[in-house]
Amino acid sequence: MFNPFEDKNDNKAKILFGSKEESKNELKDRKNPYSGEVVSRFPECSADDAKKALKIAQKASKDTMKSPLHQRVAWLEDVAKNLRKYQEEFAKLIVDEISKPIHFARIEVQRCAETIELTAKELISFGGETINTDATSSGRDAIAYYKRVPVGVVVAITPFNFPLNLVAHKIAPALGAGNAVVLKPTPEAPLTAYKFAKLFVESEFAIKDALSVVYGDAEVGSALVKSPIPRVISFTGSVPVGKIITSQAGIKKVSLELGGNAATFVDKSANLKEASLKCAFGSFYNSGQVCISLQRIYVHKDIYDEFASLMAEETKKLKVGSPYDDNTFMGPLINQDAKERAKSWVKSARAEGATILTGGDEVDGIFPPTVVTNVTDEMKIICEEVFAPIVSLVAVESMDEAIEKINNSPYGLQYSIFTSSIQNAKKFIDEAESGGVVVNDIPTVRFDIQPYGGVKLSGIGREGPKFALEEFTEIKSVVIF
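Mind the numbering: the sequence shown is residues 163 to 643 in the numbering used here, read in order.
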């Protein structure tokens, strides 16, 4: 049985041109954000490498399209089984490359296996339906139906914050649907992606050359996106890059999971202790480096001071430090640039009149969980995606005002409300301009089985196994007389 961690001293990620491995003479280093030590190395690809991978995928797609469903289901189940077998090793690798605390890294590996297993289950019943062609007077009797068919080649481009599970959300349904895939993973976690991809490539159920992996910057990304070979580009990342992709892709399906400026409203009927506990988690989980990280909290003015006090209290309880410690809740940001950007947000907020209730200043090299009060609508810190462990508290007169302010954003990924009123919950669900709404918990809640995606600048399309299968297939209509 294949063991991706057999050679414990090999920290080099390799290019996968289908089932064939290659490397380059010069390798780039990936350093652990907490210790600064080199933890992995990877070859930076060229545009020609990207084009080569696409041609291999194009050829392989002829076989993936014809592969039997039972083989693809067995393939996914085999990968999930082996992922669970090496859960601790994958978790440690995630900590090494992006400094996600080990507790949450283990959860990510578990979720990744579940995402793959859910995809395998969805595949069994995934298909089309029959159509009544004599439903209108102009129609006539026929055998008619539509079926779902693979698109051919999918390009998947993934970010650093969930370097395992967000890869699974793309390649498991893409391969499961009968496509070939070219993956360009984040340069912050190349070895995680490589070892994960090897579980697919080395499986006894693998389809030859169905999965390729290339590494690189904008040059590689543009070569993948501009090519006429892929029929779907699936990207998770920033809005600026998403805009570039849409301008370069041409006529093909583009699925984008972009940024967010997640918000919640704390109604005066809410359980404040519970709300503050959950909001502290949602604001600072993964150092705020989550598209649905809680960034804006609108609080009814009658309970604002009490909630702010509870929020500060819960925030101070969070353990910050080494990501290798089982008890650590939050580690460092992904790199120095991210830390300097977080500092600039706080500096700007202070200059504009906001108050730093807790945090704000670097401690032992880590930017800490930071709660900001006296924030107004005009402040930069509340208008843009922060992507750091910073949350802003804003007092509002009513729920109507909260909804108006929450919706006054170019983003619309997920929002939430804390309330004991079913009427308020229903109103919020109906009026929130977002892809998802959570009641009595944080907008950071995501179950991998559910549809996930946003409106406005937060993206196009949906992830989640069932919904990704729809993204990675086309409808073919059939009529038989």
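Every residue, glycine too, gets a C-beta built ideally from N, C-alpha and C.
In this text the structure is predicted, and so the values were computed from the model without any measurement.
- In its chain, beyond the 5 residues on either side, Lys481 have a beta carbon closer than 6 Å to the beta carbon of Asn489.
- For Ala557, the enclosing beta strand (DSSP E) covers residues 552-558.
- In this model, Trp237 and Glu593 are separated by some 42 Å (Cα to Cα).
- A distance below 6 Å between beta-carbons, with the five flanking residues on each side excluded, links Gly404 to the following residues of its chain, in chain order: Leu418, Leu420.
- Gln233 carries a helical assignment under DSSP once its states are collapsed to helix, strand and coil.
- Glu251 sits in a helix when the DSSP states are folded into three classes.
- Pairwise C-beta distances place the region 354-364 in contact with the region 308-327, as three or more of them are shorter than 8 Å.
- Following the DSSP letters along the chain, one finds Ser287 in no beta strand (DSSP E) but inside the alpha helix (DSSP H) bounded by residues 264-287.
- Excluding its 5 nearest sequence neighbours in each direction, Ser431 has C-beta neighbours in its own chain below 6 Å: Thr581, Ser582, Ser583, listed in chain order.
- In the three-state DSSP reduction, Arg624 falls in the coil class, being neither helix nor strand.
- A distance of 8 Å or more separates the beta carbons of Ala330 and Lys463.
- Here the C-alpha atom of Ser400 lies approximately 16 Å from the C-alpha atom of Asn497.
- Assignment of Asp592 by DSSP, reduced to helix, strand and coil, places it in the helix class.
- Around the C-beta of Gln451, 16 or more other C-beta atoms lie within 10 Å, and the residue is accordingly described as buried.
- Taking all protein chains shown into account, Met163 has fewer than 16 neighbouring C-beta atoms within 10 Å of its C-beta and is therefore exposed.
- Per DSSP, Gly598 is one residue of the beta strand (DSSP E) stretching across 598-601.
- Going by DSSP, Val387 is part of no beta strand (DSSP E) but of the alpha helix (DSSP H) stretching over 380-388.
- Around the beta carbon of Phe362, a 10 Å sphere encloses 16 or more other beta carbons of the protein chains shown; the residue is thus reported as buried.
- Assigned with DSSP and collapsed to three states, Gln220 falls in helix.
- By the criterion of a C-beta distance shorter than 7 Å, Ala587 is surrounded in its chain by Ile579, Thr581, Val601, once the five residues flanking it on both sides are discounted.
- Around the beta carbon of Asp523, fewer than 16 other beta carbons sit within 10 angstroms, so the residue counts as exposed.
- Ranking Val617, Pro166, Asn570 by CA distance to the CA of Leu245 puts Pro166 first.
- In the three-state reduction of the DSSP assignment, Thr408 falls in the helix class.
- Here Ala297 is exposed: its Cβ has fewer than 16 other Cβ atoms, across all protein chains shown, within 10 Å.
- For the options Leu495, Leu456, Ser596, Ser181, the alpha carbon positioned closest to that of Gly198 is the one of Leu495.
- With respect to Met473, Cys441 sits close: the two C-beta atoms are nearer than 8 Å.
- In this structure, DSSP gives Tyr614 an extended state, which the three-state scheme calls strand.
- Cβ neighbours of Phe288 within its own chain (closer than 6 Å, five residues either side excluded): Leu631.
- Going by DSSP, Tyr308 is part of the beta strand (DSSP E) stretching over 305-312.
- Looking at the backbone, the Cα of Ser571 and that of Lys182 are separated by about 46 Å.
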